Amino acid sequence: MGSPCELPGCSAYSPLYISHTHTDSRMAWLDEAEDIKPPRSLLGLPELGWPGVYVPCYNRLALEENSWVLRMTEAPAPAAPPSRTLEMSPAKPSQTQVPSSEMQGQVEERCLEQVQTMVVGEVLKDVNTACKLLNIAPDPLDWNCVHVQKWLLWTEQMHRLPQASTMFQELSGRDLCSMTEADFRQHSTQFGDTLYAHLDIWRSAAAMKERCPPEDSKSAADDLSWSDVMCNYPSQPIHLWQFLRELLLKPTDYSRCIRWLNKDKGIFKIEDSALVARLWGIRKNRPAMNYDKMSRSIRQYYKKGIIRKPDISRRLVYQFVNPV
DNA sequence: TACTAGGAACGAA
DNA sequence: TTCGTTCCTAGTA
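Under full-length UniProt numbering, the very last position in the first sequence is 324; numbers go up by exactly one each time.
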């Protein structure tokens with residue numbers, strides 16, 4: 001028993017690991033939290049059981065949007081169990097209450113459970129969103145070669161892993177899942193471990209879905225559930241405006257390429273026109289998609305009254321006629 | 001140079 | 001028929 005990184009399948013640079021069964025090790029992974037590199041493996045989940053979940057790419061969740069998570073857990077780890085020997089110096093107020101450390105432990109444990117629930121919910125929601133955006137099943141085992149390529153291209157774009165997908169041609173999801181981390185590294189020396197980690201997030205999410213009844217999943221994932229995911233798959237062809245809205249509704253993941261300027265009025269700005277177009281191209285299996293073509297499609301919405309230019313027209317700024 | 005606007009032809013569903 | 005893609009010309013910042 002030690003840091004989570006000593007557990008099977010978990011590397012020393014797992015950025016975020018939550019398990020209320022390893023209290024001391026929490027501080028260990030927090031030490032690693034600034035290292036943005038994903039873990040080398042998440043496959044330990046089935047052995048660890050539900051309470052332990054790795055969420056490597058959610059370092060942003062903890063570091064940016066939920067800095068309180070870190071604050072809450074940044075307290076120094078209790079060094080050694082408090083001694084009860086008579087040699088102890090006269091009791092200071094904080095030392096007289098032996099049970100308080102137990103209580104503190106319980107409180108910490110509860111806090112961690114809450115954090116865990118929140119993070120797991122975010123994982124499920126993000127996987128769900130990506131499923132909808134890519135029109136693929138949540139479980140990598142169900143992917144065919146086209147789905148794998150979509151996922152690879154998407155991950156490549158979102159996590160800036162140039163050319164990573166080209167190293168994994170003609171593989172089904174089952175093939176991908178049967179590969180070890182070493183196999184991944186063999187395919188891509190530079191990004192194999194990163195892709196492996198991202199795949200493990202999806203596999204872990206699929207494992208969570210199997211382990212938890214739909215009600216639990218629903219509460220964990222807030223307004224989304226795995227049954228929703230499955231009902232959406234295979235989904236109807238997504239419209240461009242829906243795709244853009246999905247991106248806008250996940251600012252944690254996509255704000256660097258598209259974001260709201262005024263959500264109430266439905267005004268949004270495309271920050272990275274090339275990236276949004278590439279993502280749309282991945283979604284539609286149109287490798288030649290670019291902003292020129294995508295913007296033409298957006299302009300088609302002018303006549304239909306779905307999207308328009310705002311009253312004060314600005315470059316790359318559009319407005320949903322009927323705000324979300 | 002990148003973006004905007006819109007016409008026209010075309011294919012997939 | 002609808003929707004989106006592709007190609008095009010022309011204009012703007």
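Even for Gly, the Cβ is constructed at its ideal location relative to N, Cα and C. In this text, all values refer to a predicted model and were calculated from it rather than measured experimentally.
One alpha carbon belongs to Thr129, the other to Gln104, and they sit about 37 Å apart. In the DSSP assignment, Arg278 is bridged to no other residue.
Closest option to Arg308, judged by alpha-carbon separation, among Met158, Val321 and Thr252: Val321. Taken through DSSP and simplified to helix, strand or coil, Ile238 comes out as coil. Across the structure, Arg299 and Ser178 are spaced so that their CA atoms are roughly 44 Å apart. In chain order, Ser165 and Ile282 place their CB closer than 7 Å to the CB of Leu153, counting only its own chain and leaving out the 5 sequence neighbours on each side. In the three-state reduction of the DSSP assignment, Phe320 falls in the strand class. Sorting Leu134, Pro251 and Met289 by C-alpha distance to the C-alpha of Glu271 places Pro251 at the top. In the DSSP assignment, Trp154 falls within the unbroken alpha helix (DSSP H) covering Cys145 to Met158. Within its own chain, the residues whose Cβ lies closer than 7 Å to the Cβ of Lys150, once the five positions on either side in sequence are excluded, are Leu134, Ile136 and Ile282, listed in chain order. No Cβ-Cβ contact shorter than 8 Å links Gly173 with Asp126. Annotation: the continuous beta strand (DSSP E) that includes Leu261 extends over Ile258 to Asn262.
If you draw a 10 Å sphere on the C-beta of Thr155, you find 16 or more other C-beta atoms in it, and that means buried. A Cβ-Cβ distance of about 12 Å is found for the pair Leu161 and Thr189, leaving them out of contact under the 8 Å criterion. When DSSP states are grouped into helix, strand and coil, Arg308 belongs to the strand group.
In this structure Trp241 touches Ile306 by the C-beta definition: roughly 5 Å separates them, less than 8 Å. Taken through DSSP and simplified to helix, strand or coil, Ile136 comes out as coil. In the three-state reduction of the DSSP assignment, Lys265 falls in the coil class. The beta-bridge partner set that DSSP reports for Ile270 consists of Ile258. For Asp142, no alpha helix (DSSP H) segment is defined, and its DSSP state is neither H nor E. Considering only Arg278, Leu316, Leu275 and Pro140, the residue with the shortest C-alpha distance to Ser204 is Pro140. Looking at the backbone, the Cα of Asn285 and that of Pro138 are separated by about 18 Å. In the structure shown, Ser178 adopts helical secondary structure according to DSSP, grouped into three states.
For Phe184 and Gly192, the gap between their C-alpha atoms comes out near 4 Å. Looking from the CA of Ala277, the closest CA among Tyr291, Lys269 and Ala197 belongs to Tyr291. 8 Å or more divides the Cβ of Pro323 from the Cβ of Lys269. If the five residues before and after Leu171 are omitted, its C-beta is found closer than 7 Å to the C-beta atoms of Cys145 and Val148, all from its own chain and listed in chain order.
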